[in-house]
Structures are given as structure tokens and as C-alpha cells.
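J.: First residue of the sequence shown: 37, per the numbering used here; consecutive thereafter. By construction, the Cβ of each residue, glycine as well, lies at the ideal position given by its N, Cα and C atoms. Below is a structure I'd like to ask you about.
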Amino acid sequence: MRILSVVGARPQFVKLAPIVKVVQGHAEHLIVHTGQHYDDIMSDVFFKDLGIPAPDFNLGVGSGKHGAQTAAMLVGLEQVIEQCQPDCVLVYGDTNSTLAAALAATKMHVPVAHLEAGLRSFNRRMPEEHNRVLTDHSADLLLAPTQVAMNHLAHEGLSRRSVLVGDVMTDVLYTVRDSLAGTSMEIPAGLEAGNFYVCTLHRPDNTDSAPRLSAIINELGCLDKPVLLLAHPRLRSRAEQHGINLDHGSIVLNPPLAYPELINTVSLSAGVVTDSGGLQKEAFLLRVPCTTIRPETEWVETVEMGWNALVSEDLSALARTVHRPAPVATDAAPYGDGHAAERTIAAVLAAFGG
Ligand code: UD1
37 MRILSVVGAR
47 PQFVKLAPIV
57 KVVQGHAEHL
67 IVHTGQHYDD
77 IMSDVFFKDL
87 GIPAPDFNLG
97 VGSGKHGAQT
107 AAMLVGLEQV
117 IEQCQPDCVL
127 VYGDTNSTLA
137 AALAATKMHV
147 PVAHLEAGLR
157 SFNRRMPEEH
167 NRVLTDHSAD
177 LLLAPTQVAM
187 NHLAHEGLSR
197 RSVLVGDVMT
207 DVLYTVRDSL
217 AGTSMEIPAG
227 LEAGNFYVCT
237 LHRPDNTDSA
247 PRLSAIINEL
257 GCLDKPVLLL
267 AHPRLRSRAE
277 QHGINLDHGS
287 IVLNPPLAYP
297 ELINTVSLSA
307 GVVTDSGGLQ
317 KEAFLLRVPC
327 TTIRPETEWV
337 ETVEMGWNAL
347 VSEDLSALAR
357 TVHRPAPVAT
367 DAAPYGDGHA
377 AERTIAAVLA
387 AFGG
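Written as C-alpha cells, this is what we have:
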């Protein structure tokens with residue numbers, strides 16, 4: 037059997053890593069990188085650190101408006117699929133690369149498996165929400181990370197195509213966390229363990245409007261500990277356009293981190309402030325309290341258990357939310373046991389393996 041994995045953006049490289057390991061010996065596996073993310077620190081570093089082989093194809097699509105970017109991927113993927121004749125196209129998460137791959141394969145009658153299916157924010161302003169809904173409804177096999185995701189798929193009439201496999205990000209995180217045990221990796225910018233927050237911001241709703249971004253930066257600058265702001269290229273470029281200085285008050289500005297450095301840094305931090313989906317979950321898995329600057333989250337389990345709290349409209353609540361008392365300890369495992377990749381490959385082989 038031949039599986040074609042399509043990835044393009046940073047969180048997808050992380051999800052690909054455990055799949056690459058598990059698929060060996062079970063199927064031929066080819067990788068397409070759409071080129072959505074292309075900076076070293078957003079792309080190559082993940083392949084190197086997570087032991088992912090170089091992609092078999094790189095479409096080099098780069099940045100652009102949603103339509104142009106997705107369309108360029110669609111054109112490139114059609115050619116790759118034609119050339120490779122895969123038995124299944126495996127797509128990951130909710131980026132424009134996910135949607136382009138699902139569309140290209142569906143139109144060519146190649147079965148599509150969607151890893152991380154069934155997540156919903158119910159916020160149609162998010163590009164990821166369109167990407168998820170459209171991908172789930174075009175895919176043939178829906179690989180859900182959580183029971184909540186399974187419930188969403190059931191509500192949309194997609195139960196028969198859905199399998200609960202767990203979350204592959206748990207697989208990667210546990211592997212990397214264990215490999216870091218006993219090593220002494222440094223925290224960036226000489227910060228002191230337990231006495232800083234880690235922050236990431238990249239969502240259009242938080243970065244594209246100058247007053248909104250400025251208000252967030254002001255609130256972050258007033259927190260009671262240094263705030264290590266790992267600045268995504270989009271944040272830097274929007275801040276520059278809006279004339280906003282990111283290096284403000286408590287903020288310590290830093291480039292994004294490679295995955296092992298990120299896990300090490302978060303695990304030594306006093307808390308996380310983010311609008312990333314993945315980081316909310318990573319914080320929970322490392323049992324670090326998280327504050328999410330969004331009106332809603334797909335990872336509702338983290339909020340229900342008190343390990344994550346949402347702040348959106350009223351940004352003046354940010355400081356008291358970040359400084360809130362520690363959540364109640366829990367050994368709950370809503371994101372699986374670290375073996376989601378095995379169940380994913382088993383489900384793909386069972387569905388399309390002949
Ligand atoms: C994309 C995904 C988002 C995911 C995020 C992870 C979509 C619609 N969004 O958002 O779901 O959470 O990746 O990071 O697919 N840029 C660079 N270098 C790069 C990549 C991007 O400079 O390597 C800059 C460009 O100015 C670009 C901007 O960042 O226009 C946004 O990149 P893009 O891939 O469009 O979306 P992300 O915000 O990264």
C-alpha cells in the first residue's frame with residue numbers, strides 16, 4: 037500500500053513525526069511539503085529534530101492570500117498525486133495545506149484520511165474552521181483525537197467514517213519529554229526556571245487589527261513575571277506594519293523555538309499565554325497552566341479541568357487570569373496514551389489497505 041502524507045505548516049510537521057516512525061514496514065510512505073511554511077525555524081528544523089526524512093516533493097508555494105495559496109497547492113498536488121498514484125492521501129489538522137490536499141485527492145477519486153478530524157470552534161471567522169469542516173466532509177476516513185471530536189462528527193452525520201485514535205501530538209510530546217529527561221537544555225534569554233511565562237500569538241483575530249494587538253501587548257507587558265514572547269513571523273510583520281513595539285514591559289522577545297526547546301521551556305515555565313491550538317494542549321500535557329487569548333477553544337477538556345482559561349473581549353482580565361491559583365491536579369488523559377499513531381496506521385490499513 038502507498039500512503040501520501042501532505043504537510044505544509046509547523047504543527048503538521050509535529051503530527052507527521054510519529055506517523056513516519058509507525059508506518060515503516062507497513063506501507064510505502066511518501067511525503068509532500070506544500071511549502072506553506074518555509075523559514076528554517078518554521079520548517080526544516082522540525083524535520084531535523086523530529087527525525088522526519090526530507091520530503092519527496094516540495095511544492096514551494098510560500099505565503100499568499102488564502103485563495104491564491106490554496107489554489108497553488110491544488111495545482112501542485114494534482115500533479116504529485118497523478119505521478120504517485122497513492123492508495124490513500126493522509127492530511128493533517130486544519131491549515132490551507134490540509135484543505136488543498138483533501139480537495140485535490142477527492143477530485144481524483146483517491147481516498148482521503150483526515151488526522152485530527154472532528155475539532156470544531158464553531159467560529160466561522162477562523163480560516164481553520166472552514167478548513168476542518170470542508171476537509172471532514174470530503175474525507176473518507178476521519179481519525180478523531182478525542183471523544184468530543186467524535187461527538188461533533190456524529191452530529192454532522194459522519195459517524196460511519198469516524199474512528200477515535202487519540203492525539204498524535206501526545207505521542208510526540210511524550211517521546212520528546214522522555215528524551216529530554218536527565219539532560220540540561222538551557223532556557224532562552226537566560227530566564228529563571230519557574231519564574232517566567234511563555235507566550236505565542238499568531239491568529240489573524242489577534243494580530244491583524246492594530247488596536248487589538250496593541251491592547252494585548254500592553255496587557256502582556258504588565259504581567260508579574262518576564263513573558264517570553266516567541267514571535268511568529270506573522271506577528272512580527274503585523275506589529276511592524278502597525279508600528280507596535282513588541283519589546284514592551286515584561287515582554288522578552290525571542291524567535292520561535294524548535295520543538296524540543298519549546299517543550300523544555302514550557303515545562304520549566306510558570307504558565308503559558310497563547311492563541312495556538314497545539315500549545316494549549318502541550319501546556320496541559322506538561323501540567324502547566326494556560327491562558328488562551330480567544331473567545332473559544334477546540335480543546336474544551338483543558339478548560340473544563342481548569343488547566344486552561346479563555347480571555348478574549350475583556351483583555352483587562354488577562355493579568356488576573358494568568359495569575360490565578362494553580363489548577364486542581366489531575367491524571368485525566370483526554371488526549372490519549374501516546375499511541376495514537378499506531379491506531380492511525382491500523383485504521384488506514386484496515387480502510388484502504390486492500
Ligand atoms: C498557519 C495556519 C494555522 C496554523 C499556523 C501555525 C492556515 C490558514 N493557517 O497560520 O492554522 O495554526 O500556520 O503556525 O493555514 N511567514 C513567514 N515564514 C514562514 C511562514 C509564514 O514569514 O515560514 C509569514 C508570512 O508573512 C505569511 C504569514 O507568516 O504571510 C502567515 O503565514 P500562513 O502560512 O499564511 O499562516 P499562519 O499564520 O502561519
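Nearest chain D C-beta to Asp-260 closer than 8 Å, yes or no?
T.: Considering every chain present, this structure includes no chain D. It has just one protein chain.
J.: In whole angstroms, give me the CA-to-CA distance for Asp-214 and Glu-378.
T.: Near 19 Å, if we compare the C-alpha coordinates of Glu-378 and Asp-214.
J.: Taking the alpha carbon of Thr-182 as the point to measure from, which residue in Val-204, Leu-170 and Glu-164 has its own alpha carbon closest?
T.: When only C-alpha atoms are compared, the closest one is Val-204.
J.: Relative to the C-alpha of Lys-84, which candidate in Val-42, Arg-46 and Leu-266 has its C-alpha closest?
T.: Among Val-42, Arg-46 and Leu-266, the Cα nearest to that of Lys-84 is on Arg-46.
J.: Going by the C-beta, is Tyr-210 closer than 7 Å to any heavy atom of the ligand UD1?
T.: For the ligand UD1, not one heavy atom lies less than 7 Å from the Cβ of Tyr-210.
J.: Per DSSP, what kind of secondary structure is Arg-38 in: helix, strand or coil?
T.: Correct three-state label for Arg-38: strand.
J.: Residues in its own chain within less than 7 Å of Ala-306 by CB, not counting five upstream and five downstream?
T.: Cβ neighbours of Ala-306 beyond the five flanking positions: Gly-230, Asn-231, Phe-232, Tyr-233 and Lys-261.
J.: Can you list, in chain order, the residues of its chain with a C-beta nearer than 8 Å to that of His-278? Leave out the 5 residues immediately preceding and following it.
T.: If we look at His-278 and ignore the five residues flanking it on each side, its Cβ neighbours are Ala-246, Leu-249 and Ser-250.
J.: Where does Glu-64 land, buried or exposed, given buried means 16+ other C-beta within 10 angstroms?
T.: Under this definition Glu-64 is an exposed residue.
J.: For the ligand UD1, is there any heavy atom lying closer than 7 Å to the beta carbon of Ala-383?
T.: No, the ligand UD1 has no heavy atom inside 7 Å of this Cβ.
J.: Does the ligand GTP have even one heavy atom less than 7 Å from the beta-carbon of Ser-215?
T.: Looking for the ligand GTP in the displayed structure turns up nothing; the ligands present are the ligand UD1.
J.: Quick check: what's the CA-CA separation for Gly-22 versus Asp-75?
T.: This structure leaves residue 22 out entirely; the chain is present only between 37 and 390.
J.: Do Leu-66 and Pro-122 have their beta-carbon atoms positioned less than 8 Å apart in this structure?
T.: Yes, Cβ-Cβ distance for Pro-122 and Leu-66 is below 8 Å.
J.: Would you call Asp-367 buried or exposed, if buried means 16 or more other Cβ atoms sit within 10 Å of its Cβ?
T.: When all chains shown are included, Asp-367 counts as exposed.
J.: Whole angstroms are fine: how far does the CA of Leu-315 sit from the CA of Ala-355?
T.: Their Cα atoms are separated by approximately 19 Å.
J.: To the nearest whole angstrom, what separates the beta carbons of Asn-132 and Pro-224, a pair I think is in contact under 8 Å?
T.: Their Cβ separation, rounded to whole angstroms, is 30 Å, which puts Asn-132 and Pro-224 out of contact at 8 Å.
J.: Between the segment 340-360 and the segment 313-328, do at least 3 Cβ pairs fall closer than 8 Å?
T.: Yes, the segment 340-360 touches the segment 313-328.
J.: Measuring from the CB of Ala-138, is there a heavy atom of the ligand UD1 at a distance below 7 Å?
T.: No, the Cβ of Ala-138 stays beyond 7 Å of every heavy atom of the ligand UD1.
J.: Does the beta-carbon of Ser-157 have 16 or more other beta-carbons within 10 angstroms, so that it is buried, or is it exposed?
T.: With 16 or more other Cβ atoms within 10 Å, it is buried.
J.: Would you mind reading off the limits of the beta strand (DSSP E) that contains Tyr-74?
T.: Here Tyr-74 belongs to no beta strand (DSSP E), and DSSP marks it neither H nor E.
J.: What residues in its chain sit with their C-beta under 8 Å from that of Ile-88, if we drop five residues either side in the sequence?
T.: Only Phe-49, Leu-52, Ala-53, Val-56, Ile-67 and Phe-82 meet the Cβ criterion.
J.: Taking C-beta to C-beta, are Pro-370 and Glu-318 nearer than 8 Å?
T.: Cβ atoms of Pro-370 and Glu-318: not closer than 8 Å.
J.: Buried or exposed for Arg-38, please, with buried defined as at least 16 other CB atoms from any protein chain shown within 10 angstroms of its CB.
T.: Classification for Arg-38: exposed.
J.: Do the CB positions of Thr-134 and Gly-374 come within less than 8 Å of each other?
T.: Going by C-beta atoms, Thr-134 is not nearer than 8 Å to Gly-374.
J.: Determine the closest residue to Ala-386 out of Leu-259, Thr-236, Asp-311 and Leu-178, with distance taken between C-alpha atoms.
T.: Ala-386 has its Cα closest to that of Leu-178, out of Leu-259, Thr-236, Asp-311 and Leu-178.
J.: Determine, using beta carbons only, whether Met-125 and Val-97 come nearer to each other than 8 Å.
T.: One point to set straight first is that residue 125 is Val, not Met, in the sequence displayed. No.
J.: Could you check whether Ala-180 and Ser-195 sit closer than 8 Å to each other, using their CB atoms as the reference points?
T.: Result no, Cβ atoms of Ser-195 and Ala-180 do not sit closer than 8 Å.
J.: Can you look up Ile-67 in the DSSP assignment and give me helix, strand or coil?
T.: Three-state result, Ile-67: strand.
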